[in-house]
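Chains as they are written, first to last, in our numbering: chain L, 7 to 599; chain B, -7 to 340.
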Amino acid sequence: MQTVSDSVKSRQFPSTGVLKRISFNPASLVLALAVLFVLWLIVLPMALLLLNSFRVGPVSLFEGTWSLRNYVAAFHNKFFLGALMNTVVFSVVATFGALATAVLFAWLIERSDMPLRGAAWVVMLLPLAMPGVVFALTWMLLLMPEVGLVNIVLRALLRLFGITLERGPFDIQSLGGIIFLGWLRGVSTIFLMIVGVFRMMDPSLEDAGRLSGARSWTVFRRVTLPLVGPAIFAAGIYSFVDHLDSFEGPLVLGLAARIFVLSTLIYFTSRYNAPFDYGLSAAYSVFFMAIMAILAAFYVRTIRRTDRFAVITGKGFQPVRHKLGPWRFAALGLFTIYFLLTILAPLLILVWASLLPFYVVPSLEALNAVSLQNYAAVVTNPRFARDLTNTIVVALAAATGTMVVAFLISWVSVRTKFRARYLLDGLTFVSYSIPGVVVALAMVFVYLQPPFRYLGIYGTVWIIVLGLITQYLAFASRTTNAGLLQIHKELEEAALISGARRLRVMWTITARLMIASLVAGWVWVVAHASRAFGIPMVLSGKTNEILPVWLWIYWQDGFIPQASAVGVILIVLTGLIGLGARRLLVRTQLPET
Amino acid sequence: MKRHRQVARILIFLLPLLNCFPAHAAETKLTVDSIIQGAKKEGKLSWASNLVDEEVVALNKAFQKEYPFIKSVEYARMRGPEENEKLLSEMQAGIYPYDMVHVGDDLISRYQSLGFLMGPIDWNGLFKVDPRMIPPQRFGVSVANTLAGIMYNKPKVPKEQIPKTWNDCTNPFFKGKMAVEVRPQQFPSLAADRGEEWTLDFAKKIAANNPRWVSSGTAALTMIVAGELLLLCPTSYGTYYRQASRNPNFPVGWVFPEGTILGDRGLLFSPVKGAANTNTAILFVGWVASKGLTNLDTGRESIFHPETKLGTQFKGRKIKVTDWDSTTQADILSKKIAEVWGFPKAEK
């Protein structure tokens, strides 16, 4: 008996002959574009990185000698094993913590009747808007052993019970502090990677579980979790790597107590003292790439049997919300705690710092010094209008570009039989291990030389956009992969057999069904691009500077109040974009039950 | 293959030469008149350094007032080693965004080998620049000195505990409550005055006082202002001055330890060979180093210039500035100190 899949085989990629496969048809065009983008945005900087890891000498295409010395220096460093151990402990604990928190919150927002879900969705985004270094510093101000606001309040409370402490009880400048911040910081990213999946899940399987007499928790554990498995696994791997690469928190908090993780070890050995040791940095990056390649292999094995995870089928579905009863308010309470820890407390400190001529511990006396002077200084600076415009252009263009490219790559990886599809997906994933600065320097070389020089994008905002697309493609493709894996092929096959063209099917069916994942990814990139400074710092020049670079300069120069004012403006900007995205998502409104 | 590489190398070295015609004037006999005539034709300047944008506004305006034929002066901030790499790559590709840059001590040899520094210029003869500000190769002028000292929290450090000497930084009163910058930038100045052995021993002693390690003076400043930490030792006067000069009630005090005031050389302003407006760049460097420095108020303008704020402040006091050789070899001492403190370093 002929199946739908059999009948559309002729419209899919034949499995033999590369040239044949790239014969001109719309699907081949998508494939060609995906391959081109991967070669251009990922393989090129990766190849430069690999070459430079075997070179000793200054960064330049024609300088230095070939050698293995970078690798010897990297792995013979007596700090390497200790830093590796700290990194693994930090990454594992922070990832599991963030993963558990994000899964719970995604379920509460998308599948339960918890009150204020719309506000909670935006709350989940806001931490993304806060630059890592600002987040770490605000928490340092809150949890400094002696004058940290939280410690002061806790000491006062403990005194009521007869316990007198001179310092503490908490010290943020410790491995525990680094893990705590990593955990808090990781939740939003994972949430955005999985929220679309929770939103679009067909509840009939859960209903079946419930009808069989299973309790809600059992249904969640035995049905819901396995259904969203690939998305959670992908998010977990991404988050783990994100923590492996995490830099600002470990630098601000770990340095004080001489606690090193791999990223700060790289910074100290290759970037802290000029000249920048690009070769050594590249050797460490290759090590990261190897770890990523192993994780990517695990990931690819997981998604290979894609049909297992398709929860959106041609049967039509009505996602429903679970009634929590009195637990609704307990759930809201959890959110409130999260909101307090990740937004309210650091934001209040940031706003407080932005209103003062210099930071002092909050007190009634200090209120006399409060003014809007720093905001006035920032907003009236001619740089502000230019940087704000550039920031908006960069954020929107990078987000849109990233999601388009990620969608193309995911489509090839998940939907085609192209032999190198897993390589394509793996390369995209592994590219995340290349540090932003390394990507940026590679772009400087590439776009200064022919033929890319003739594109004329060097020194414009577009080179920053390209750099950010390269950096965020790994995240975006995980999100689009997860979204695409959930849509059963039968929907597209039905359209194809009805005579629809491949590109039309991609746009009107596939892209629309995974709109939640696409929007979530888009918002994540907007939020990150709005506060990115690693790549923009290197690629910005006289006219293409963006707000986060300005914030970073203020911060580095010790103008904390002005930096805080820019930080508050950035958070408001990202919050507004988040609200807009939420409205877009509401168009795919879930029915209230 | 080898031949291709040789050709590529030749091309790379020839590329900057194709753009260096304006610089040619500087290699021939320069006079103030010829420089001014050249600058009149150029009429603009683009320069970069690590000075904060606001710090150079008055300087740029004063330069244009002195030489009204300079219609435009553009300034860009250079931050960190990555930007230096970027600039070098741009210049190697024939793009010269700046006519004049501040060349870090550690980059002098690279700039030289790539041919981006001008030949010897008689700064003293042409502009009457103090010879102590001129490096032996005379490609540019150092217009700043970073002075070393100690920063402390005024409300929390009792008068009798305010440090008076370098050794006071090892006072147990500050144990666990002081900060030390992991990048030991002021130590070469100490070593130039007291010798390497004393400096390494001092580094060991302050590490034993259980300090909080900080990535920069500004990072420590925030914690000192907040009252979490009481002291930063040693650090640069410029870091303190930038904040203290803007805030009259700034709760942080500064001490130059007793005896000789120690400092190093900074802001090595150098016209770029191959750039479009080299005459204007030479004129600018000469003018800044001789007259224009009075328009800088950064807490680090050169003390060798008698009319700068710092120069006036320290007139008559004994000051020792690191010699040029020690300046360029500061990196070696930094690595030794990093080892004493137990920080990672690349061993290649």
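Idealized CB from N, CA, C, for every residue including glycine.
Verify the contact flag: residue i, CB atom, against every heavy atom of the ligand MG, threshold strictly below 7 Å.
i                : result
Ile100 (chain B) : For the structure depicted, the ligand MG is absent and the ligand set is empty, with no information on it obtainable.
Distance, Cα to Cα, residue i vs residue j?
i                : j                : result
Leu222 (chain B) : Leu288 (chain B) : 30 Å
Trp189 (chain L) : Glu499 (chain L) : 42 Å
Met199 (chain L) : Phe85 (chain L)  : 34 Å
Ile415 (chain L) : Gly107 (chain B) : 45 Å
Gly601 (chain L) : Asp315 (chain B) : Residue 601 (chain L) cannot be examined here, being either before or after the span of chain L that is shown, 7 to 599.
Glu189 (chain B) : Ile324 (chain B) : 14 Å
Ser326 (chain B) : Leu87 (chain L)  : 24 Å
Gly96 (chain B)  : Leu259 (chain B) : 7 Å
Phe345 (chain L) : Leu275 (chain B) : 57 Å
Ser369 (chain L) : Glu152 (chain B) : 28 Å
Val49 (chain B)  : Pro60 (chain B)  : 16 Å
Phe13 (chain B)  : Ser38 (chain B)  : Below a pLDDT of 50, predicted positions are generally treated as unreliable, and Phe13 (chain B), at 39, falls in that range; the measurement from the model is reported next regardless. Approximately 18 Å, taken between the alpha carbons.
Val544 (chain L) : Arg518 (chain L) : 37 Å
Leu132 (chain L) : Gly192 (chain L) : 12 Å
Thr224 (chain L) : Ser218 (chain L) : 11 Å
Pro457 (chain L) : Arg71 (chain B)  : 29 Å
Thr580 (chain L) : Met110 (chain B) : 47 Å
Arg508 (chain L) : Ala104 (chain L) : 39 Å
Arg204 (chain B) : Lys169 (chain B) : 7 Å
Thr397 (chain L) : Thr549 (chain L) : 12 Å
Gln84 (chain B)  : Leu402 (chain L) : 33 Å
Leu347 (chain L) : Leu80 (chain B)  : 44 Å
Leu524 (chain L) : Thr485 (chain L) : 7 Å
Gly255 (chain B) : Pro51 (chain L)  : 42 Å
List the DSSP bridge partners of residue i.
i                : result
Asp256 (chain B) : B:Thr138
Arg204 (chain B) : B:Ala171
Asn145 (chain B) : B:Val244
Val5 (chain L)   : Here chain L has residues from 7 to 599 only, and residue 5 (chain L) is not among them.
His328 (chain L) : L:Ser118
Glu293 (chain B) : B:Ala136
Thr227 (chain B) : B:Gly141
Cys312 (chain B) : Per the sequence shown, the amino acid found at residue 312 (chain B) is Lys instead of Cys. DSSP lists B:Leu254 as partners of Lys312 (chain B).
Leu109 (chain B) : B:Val264
Residue i and residue j look like a contact to me (Cβ under 8 Å); what is the Cβ gap, rounded to whole Å?
i                : j                : result
Phe435 (chain L) : Tyr284 (chain L) : In fact, because the Cβ distance is near 24 Å, the residues do not count as touching under 8 Å.
Met409 (chain L) : Ala480 (chain L) : Not confirmed; about 13 Å, so no contact.
Gly547 (chain L) : Gly465 (chain L) : 5 Å
Ala533 (chain L) : Val203 (chain L) : Not quite, the Cβ-Cβ distance comes to about 19 Å (not below 8 Å), so this is no contact.
Asn269 (chain B) : Lys63 (chain B)  : Rounded, the Cβ-Cβ distance is 11 Å, inconsistent with contact.
Gly278 (chain B) : Leu51 (chain B)  : About 14 Å; that fails the 8 Å criterion.
Lys318 (chain B) : Ala184 (chain B) : For the record, residue 318 (chain B) in the displayed sequence is Ser; it is not Lys. Contact holds; Cβ gap of about 5 Å.
Leu351 (chain L) : Ala535 (chain L) : Sequence inspection shows Ala at residue 351 (chain L); the Leu mentioned does not correspond to that position. Between Ala535 (chain L) and Ala351 (chain L) the Cβ distance is about 25 Å, and since that is not below 8 Å, they are no contact.
Val292 (chain L) : Ser59 (chain L)  : 5 Å
Leu43 (chain B)  : Thr290 (chain B) : 7 Å
Arg234 (chain B) : Gly573 (chain L) : The pair is not a contact, with the Cβ atoms about 20 Å apart (cut-off 8 Å).
Every unbroken beta strand (DSSP E) within the segment 440 to 474 of chain L, with a cutoff of 3 residues, ordered by chain: Every candidate beta strand (DSSP E) stretch fails here, since none sits fully inside the segment 440 to 474 of chain L while reaching 3 residues.
Short-range partners of chain L found in the segment 74 to 93 of chain B, where Cβ spacing is below 8 Å: Those residues of the segment 74 to 93 of chain B that come within reach of chain L (Cβ to Cβ, closer than 8 Å) are Glu74, Glu75, Asn76, Glu77, Lys78, Leu80, Ser81, Glu82, Gln84, Ala85, Ile87, Pro89.
Complete beta strand (DSSP E) runs within the segment 31 to 96 of chain B (minimum length 3 residues, chain order): The qualifying runs are 36 to 41, 64 to 69, 92 to 94.
The segment 212 to 235 of chain B: positions lying closer than 9 Å to chain L by Cβ: Residues passing the 9 Å Cβ filter: Leu213, Thr214, Met215, Val217, Ala218, Gly219, Glu220, Leu221, Thr231, Arg234, Gln235.
Where the segment 556 to 590 of chain L meets chain B: residues whose CB sits under 9 Å from a CB there: Residues of the segment 556 to 590 of chain L that bring their beta carbon within less than 9 Å of a beta carbon in chain B comprise Trp558, Ile559, Trp561, Gln562, Asp563, Gly564, Phe565, Ile566, in sequence order.
Near-chain B residues of the segment 423 to 456 of chain L - C-beta to any C-beta below 8 Å: If the cut-off is 8 Å between Cβ atoms, the segment 423 to 456 of chain L has Val443, Ala446, Leu447, Val450, Phe451, Leu454, Gln455 near chain B.
Residues in the segment 133 to 156 of chain L having any Cβ partner in chain B nearer than 7 Å: Taking 7 Å as the Cβ-Cβ cut-off against chain B, the residues of the segment 133 to 156 of chain L that qualify are Leu147, Met150, Glu152, Val153.
Residues of the segment 196 to 207 of chain B with Cβ closer than 8 Å to any Cβ of chain L, in chain order: Those would be Arg204, Trp205, Val206, Ser207, in chain order.
Under 7 Å (Cβ pairs) to chain L, residues found in the segment 234 to 259 of chain B: Answer set for the segment 234 to 259 of chain B: Arg234, Gln235, Asn239, Phe242.
Under 7 Å (Cβ pairs) to chain L, residues found in the segment 156 to 182 of chain B: Listed by position, the residues of the segment 156 to 182 of chain B near chain L (Cβ gap below 7 Å) are Val174, Arg175.
Runs of alpha helix (DSSP H) wholly within the segment 268 to 305 of chain L (minimum 4 residues, chain order): Whole alpha helix (DSSP H) segments, 4+ residues: 268 to 272.
Positions along the segment 75 to 86 of chain L whose CB lies within less than 9 Å of some CB in chain B: Cβ contacts with chain B: Arg75, Asn76, Val78, Ala79, Ala80, His82, Asn83, Lys84, Phe85, Phe86.
Near-chain B residues of the segment 92 to 106 of chain L (beta-carbon distance less than 9 Å), N- to C-terminal order: Of all residues in the segment 92 to 106 of chain L, none has a Cβ within less than 9 Å of some Cβ in chain B.
Near-chain L residues of the segment 116 to 143 of chain B (beta-carbon distance less than 7 Å), N- to C-terminal order: Result list empty, no residue passes.
Contacting positions in the segment 58 to 73 of chain B - beta carbon closer than 9 Å to chain L: Residues Glu66, Ala68, Arg69, Arg71, Gly72, Pro73.
Continuous alpha helix (DSSP H) assignments of at least 4 residues falling wholly in the segment 172 to 209 of chain L: Counting only runs of 4+ residues, the alpha helix (DSSP H) found wholly inside the segment 172 to 209 of chain L occupies 181 to 205, in chain order.
Continuous beta strand (DSSP E) assignments of at least 3 residues falling wholly in the segment 501 to 564 of chain L: Runs found: none.
Interface positions of the segment 348 to 366 of chain L facing chain B (Cβ-Cβ less than 8 Å), listed along the chain: Under the 8 Å Cβ criterion, the segment 348 to 366 of chain L contributes Pro363, Phe364, Tyr365, Val366.
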